[in-house]
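Undergrad:
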Amino acid sequence: MSAHPGHGGQGGHPGPAVIVTGLRVEMAHGGGDIVDEVSFSIAPGEVLGLAGESGSGKTTVGLALLGHARRGARVTGGSVRVGAIDVLSLTDRELREVRGRIISYVPQDPAAALNPALRVGTQLREVLRAHRACASAREASERIVEMLREVALPAEPAFIRRYPHELSGGQQQRIALAMAFACRPRLVVLDEPTTGLDVTTQAHVLATVRKLAASHQVAALYISHDLAVIAGLAQRLAVMYAGRIVEVGAAAELLAAAAHPYTRRLVAAIPRLTGQEPLTGIPGRAPAPGDRPPGCAFAPRCELAAAECRTAMPALAVVGAAHLARCPRAAAGGAVTTGPAASRMAGLAAPAGTAPVLSAERIRAGYRDVTIVKGVSLAIARGECLALVGESGSGKTTFARAIAGLHPPASGRVLLDGQPLAATARRRPAEARRRMQYVFQNPYGSLNPRRTVRQIVGQPLRVLGGGTRQAADRRVAEVLEQVSLPPAIARCYPDQLSGGERQRVAIARALVSAPAVLICDEVTSALDVSVQAAIVELLTRLRADLGLAILFITHNLPLVGSIADRVAVMAHGQVIEVGATRTVLRHPSAPYTRQLIASAPALGPAGRAIPAWPGRGQPPAPAP
Amino acid sequence: MASARSGSPERPGKVPAGTAGDEARADPPGAPRGPARRARGGVARFLLRRALMSAAVLAAVSAVVFAATEALPGDPAQAILGRSASPQALAALRRQLRLNRPVLQQYWDWIAGLLHGQLGMSLAAQEPVTRLLADRLVNSGFLVLVAAAFSIPLSVALGCYAAWRRDRAFDHGSSIVLLVLAGLPEFVVGVLAVVLLATTVLHVLPAVSYLAPGQRPWSDPSALALPVATLVIAVAPYVARVMRASMVEVMESDYVEMARLKGLPERTVLLRHALPNALGPVFQVIALNLAYLAGGIVVVEYVFAYPGVGSALQAAVLAHDLPVVQVLAMLIAGVYVAANLAADVATILVTPRMRGQL
Chain A
528 MSAHPGHGGQ GGHPGPAVIV TGLRVEMAHG GGDIVDEVSF SIAPGEVLGL AGESGSGKTT
588 VGLALLGHAR RGARVTGGSV RVGAIDVLSL TDRELREVRG RIISYVPQDP AAALNPALRV
648 GTQLREVLRA HRACASAREA SERIVEMLRE VALPAEPAFI RRYPHELSGG QQQRIALAMA
708 FACRPRLVVL DEPTTGLDVT TQAHVLATVR KLAASHQVAA LYISHDLAVI AGLAQRLAVM
768 YAGRIVEVGA AAELLAAAAH PYTRRLVAAI PRLTGQEPLT GIPGRAPAPG DRPPGCAFAP
828 RCELAAAECR TAMPALAVVG AAHLARCPRA AAGGAVTTGP AASRMAGLAA PAGTAPVLSA
888 ERIRAGYRDV TIVKGVSLAI ARGECLALVG ESGSGKTTFA RAIAGLHPPA SGRVLLDGQP
948 LAATARRRPA EARRRMQYVF QNPYGSLNPR RTVRQIVGQP LRVLGGGTRQ AADRRVAEVL
1008 EQVSLPPAIA RCYPDQLSGG ERQRVAIARA LVSAPAVLIC DEVTSALDVS VQAAIVELLT
1068 RLRADLGLAI LFITHNLPLV GSIADRVAVM AHGQVIEVGA TRTVLRHPSA PYTRQLIASA
1128 PALGPAGRAI PAWPGRGQPP APAP
Chain B
1441 MASARSGSPE RPGKVPAGTA GDEARADPPG APRGPARRAR GGVARFLLRR ALMSAAVLAA
1501 VSAVVFAATE ALPGDPAQAI LGRSASPQAL AALRRQLRLN RPVLQQYWDW IAGLLHGQLG
1561 MSLAAQEPVT RLLADRLVNS GFLVLVAAAF SIPLSVALGC YAAWRRDRAF DHGSSIVLLV
1621 LAGLPEFVVG VLAVVLLATT VLHVLPAVSY LAPGQRPWSD PSALALPVAT LVIAVAPYVA
1681 RVMRASMVEV MESDYVEMAR LKGLPERTVL LRHALPNALG PVFQVIALNL AYLAGGIVVV
1741 EYVFAYPGVG SALQAAVLAH DLPVVQVLAM LIAGVYVAAN LAADVATILV TPRMRGQL
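First to last, the sequence lines map onto chains A and B. With our numbering, the residue at position 516 of the first sequence is 1043, and numbering never jumps. With our numbering, the residue at position 228 of the second sequence is 1668, and numbering never jumps.
Structure below.
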């Protein structure tokens, strides 16, 4: 091997660890670019956040830094320099030398990225072996123990011999982190490593990333769709839209005074912990690669767009100290219009003293030998939104399924309008089923791919009976309008829709039978932040217009402030705190709630990042 | 496993792994979790359970075989000896077959005999079935083993290589050839092989694989060549196609991408990361094909006049030799059950996740 890319710029190199210039990735068989004109640099020990919605090309950029393009994509231009190494000009063999040793990768979903057939110890050891990082097997074993300690995992032999499925999500992600930092790389690409983790676990993982990057002087690219997560971690922030970087600058400045209209809308979509502020989504949807308009790709969704925006792609221009934005009207400012949602929310307080439309009394539920819900009682008034917050494993979904009759409880009862309901949905009268509807977490799995939107939304009408086909079609059109979908969408199949549109269809399906209660089970957690904001806006409007009662289940505490009147916090199958949203968020009484709030990545009132320090300790132990 | 991916480089639907209906999965860092410790006992219990199930399956098969051969309405003795048989001969045969006893008693005697290794007397050859079939069992077993020893590694390697060279010339070419071969019945393949290699075109191999009594099949490898080739061609295309499909899916998985991004050599990526995960579904197909070999061998042995259980079965059916037919039917059923059991065990061995769920 002639080029030995390891020993480039050694010694006290003051310059950036990574310089990316003019990166361009195209679709392999024509069809245009996926990303283009991407340039940035990262200093040693610095974390650069790369934010954007799904489809914006941020993962493509991250993988290109390792000289990798997924099937169907091809890196066609630009350069990636890490020290003296020109990554994009390396041969396959030289790339293998560099990957894992100089540049490493932390995947989005460690459950899928760790090999299910290999013990975690084997997967750690093979990185060291492939890069000859250790002289002997014994040294490698010592190194593995050291690596596991660094990421706060137990370094016992029994743990090292486990398979990935025997670890929790947080532990799996720590293994991936240990692997990435094993060979002391110069650059680590972290691709949404905390998506899908609980807030406390996420806070622990983020703290580990911050510590490792700082103590080993590693440059890190942190990719996320969640600005709040990046805010607590990155010194600088780059925002991507439709394959271009539209704004880059110091994280605090960018969040407090965003120059690009897209960034401003993205910031406005982040839920805040500070109370009942309305969220605003971004109207329209991001263009897919190969389907991007000429000129500024954001122009069709931008309220500031001028004629010039639609013809020529604006260049990145300086708008402040080390702050660039790709918008000619960046200086024009203008606050994001928040719409009438604010006033609506204010007038939405649940009427005090009204009889609950739905109440659950001492629900206990579980699986064969485990009790997951241990006696939970909650009630929701007409038009009220009650948020049920808890981490995964707290029993919130099981509780909701028990109420809906999808998971028969072991004991306890459910009352709808004061009438007790049968344990299973099958044995409940049609009227009771009509009045209570369930929206599932994952709109990619909950819609039948072989049915059109009209068939999907119309299905409950057929099941619950009554009415002609014309009446049903009219009702479907009416509901689609309520969830702000164009009528033409009725003829589409789910795979033609974006995630946000699918979730609107799922909500329309729930609304079509005119229910009194809507159970929303993590309905926004599979969606981008901006889409989440739009869904929350929608639900808030539906409450006001239709007097719907909503049970909103989420693990996202900041989100609660934007939607719910009351919050119930669940841990270990029990409700440990319940109260008005404002009170619970500002003056939490249970220590566990305080810890949840401390762990939640969120922006402060002025858009300033609240660092997400890990809360100490664990959720309160279950009562014996 | 790998989710279906659309062409776009970023996957839609980032479903948080931790919230997708996994209420039992909290994350206390460092808290030990159970399945590792339970695994070994689980495998033993699983094996015992499956062995019992297999025995039950065989018992059910024995009832069907017995009913189909002896207990059906009509007189088996008459069927065996023909219409012109004398009443004395019929009576003697009925006595020998114990047809004059109650049906359940007959069945019980037959099962007890099977379990004690007393398989009865062949009616046609007038010698114990055990002696009649012993050599033929060895011959057929050897034929199947040799065919399996060639076809399984060959098809696994073919499938892997085609998946690795996905959408290249080799992949497309092999896919067409395998599809054609899979479409040909084995007697056509056998006859074609004879025409091409043993008669007019090239005469390099014997057209029939006759073994003298007492001669072992391994004493004359050239006699085995054509039957083995025919069986390999009958089985390998299916296994290779499933192997390719399974491997393609695994190669698209996040963990294979991760293995590459760790800088592992391509050989390690393929053999350590991809292959074990791709083999799981393939084991089932291999088992089905091995079991199919045990039955499909009848045709091949007939084409090549190979003295194995296949030709014995064919002869016994023609001669109404009930005890032989019964034993062979049970034998073939036994191979099916054993092959599927072996496949389940092999799948579990390459899938640690399943060990915890037994």
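All C-beta atoms in this analysis are idealised placements derived from N, C-alpha and C, irrespective of residue type, glycine included.
1) Under three-state DSSP, which class holds B/Y1650?
2) Assign A/D1048 to one of three DSSP states: helix, strand, or coil.
3) Would you say the stretch 1772-1789 of chain B touches the stretch 1724-1743 of chain B, given that touching needs at least three Cβ pairs under 8 angstroms?
4) Keeping to the same chain, check which residues put their C-beta closer than 6 angstroms to that of B/V1672; ignore five residues upstream and five downstream.
5) Let me know the secondary structure DSSP gives A/S1011 once reduced to three states.
6) Taking Cβ to Cβ, would you say A/I797 is nearer than 8 angstroms to A/R828?
7) Closer than 6 angstroms by C-beta to B/Q1546: which residues in its own chain qualify, once you throw out the five before and the five after it? Chain order, please.
8) Quick one: is B/M1687 near chain A, going by C-beta distance under 8 angstroms?
9) A/E683 by DSSP, collapsed to three states: which one?
10) Here's the rule I'm using: 16 or more other beta-carbon atoms within 10 Å means buried, otherwise exposed. How should B/M1493 be labelled?
11) Applying the criterion that 16 or more other CB atoms from any shown protein chain within 10 Å of the CB defines a buried residue, is A/H658 buried or exposed?
12) Do you know how far the Cα of A/Y768 is from the Cα of A/G576?
13) May I ask which residues mark the beginning and end of the beta strand (DSSP E) holding A/C912?
14) Would you say A/E624 reaches chain B, if we count a Cβ-Cβ gap shorter than 8 angstroms as a contact?
15) Distance check for A/L1012 and B/A1471, CA to CA, integer angstroms please.
16) Inspect the CB distances between the stretch 659-679 of chain A and the stretch 613-620 of chain A and report whether three or more fall short of 8 angstroms.
17) For the beta strand (DSSP E) containing A/A908, name the first residue and the last one.
18) Taking the DSSP output, what are the residues bridged to A/E553?
19) Just the chain B side, please: which residues come within less than 9 angstroms of A/V916 by C-beta, in chain order?
20) Quick one: what does DSSP say B/T1787 is sitting in, helix, strand or coil?
21) Note down, one range per segment and in chain order, each beta strand (DSSP E) of at least 3 residues found wholly within the stretch 1723-1780 of chain B.
22) Enumerate in chain order the residues of its own chain whose CB-to-CB distance from B/A1773 is below 7 angstroms, with the five nearest sequence positions on each side excluded.
23) With a 10 Å radius around its C-beta and 16 neighbouring C-beta atoms as the bar for buried, classify A/K738 as buried or exposed.
24) Taking the DSSP output, what are the residues bridged to A/F1079?
25) With a threshold of 8 angstroms, are at least 3 pairs of Cβ atoms found where one atom belongs to the stretch 1708-1716 of chain B and the other to the stretch 636-647 of chain A?
26) Do the stretch 763-779 of chain A and the stretch 576-587 of chain A make contact, defined as three or more Cβ pairs closer than 8 angstroms?
27) Pick out whichever of A/S904, A/E911 and A/A839 has its Cα sitting closest to the Cα of A/F926.
28) Is A/D619 helix, strand or coil by DSSP?
29) Between the stretch 619-632 of chain A and the stretch 1655-1675 of chain B, do at least 3 Cβ pairs fall closer than 8 angstroms?
30) At a Cβ cut of 7 angstroms, what residues of the stretch 649-678 of chain A count as close to chain B, listed as they run along the chain?
31) Does the beta carbon of A/N1083 come closer than 8 angstroms to any beta carbon on chain B?
32) Terminal residues of the continuous alpha helix (DSSP H) containing B/D1694?
33) Comparing the C-beta of A/G1142 with each C-beta of chain B, is any distance below 8 angstroms?
34) Anything in chain A within Cβ reach of B/V1722, meaning under 9 angstroms, just list it in chain order.
35) What is the C-beta distance between A/T951 and A/G932, in whole angstroms, given that I count them as a contact (C-beta under 8 angstroms)?
36) Exposed or buried, A/V547, counting other C-beta atoms within 10 Å across all chains shown (16 or more means buried)?
TA: Reading off the structure:
1) coil
2) strand
3) Judged by Cβ distances under 8 angstroms, the stretch 1772-1789 of chain B makes contact with the stretch 1724-1743 of chain B, as three or more pairs qualify.
4) A1587, F1590 and S1591
5) In this structure, A/S1011 counts as coil in the three-state DSSP scheme.
6) no
7) R1538
8) no
9) coil
10) exposed
11) buried
12) 14 angstroms
13) C912 to V916
14) yes
15) Bear in mind that the predicted position of B/A1471 carries a pLDDT of just 39, short of 50, making it unreliable; the figure below should be weighed with that in mind. Those two C-alpha atoms are separated by around 46 angstroms.
16) no
17) V897 to A908
18) A/D560 and A/R601
19) Simply none; closest approach about 12 angstroms.
20) Three-state result, B/T1787: helix.
21) none
22) Excluding sequence positions up to five before and after B/A1773, its CB lies within less than 7 angstroms of the CB of L1498 and V1501, all in the same chain and listed in chain order.
23) exposed
24) A/A914 and A/C1047
25) yes
26) yes
27) A/S904
28) Note: A/D619 maps to helix in three-state DSSP.
29) no
30) E653, V654, A657 and H658
31) Interface flag for A/N1083 against chain B is unset, since no Cβ pair is found closer than 8 angstroms.
32) D1694 to L1701
33) Confidence at A/G1142 is low in this model, with a pLDDT of 38, below 50, so the placement of that residue is unreliable and no value is reported for it.
34) What B/V1722 touches in chain A: nothing, since even the nearest Cβ is about 14 angstroms away.
35) 5 angstroms
36) buried
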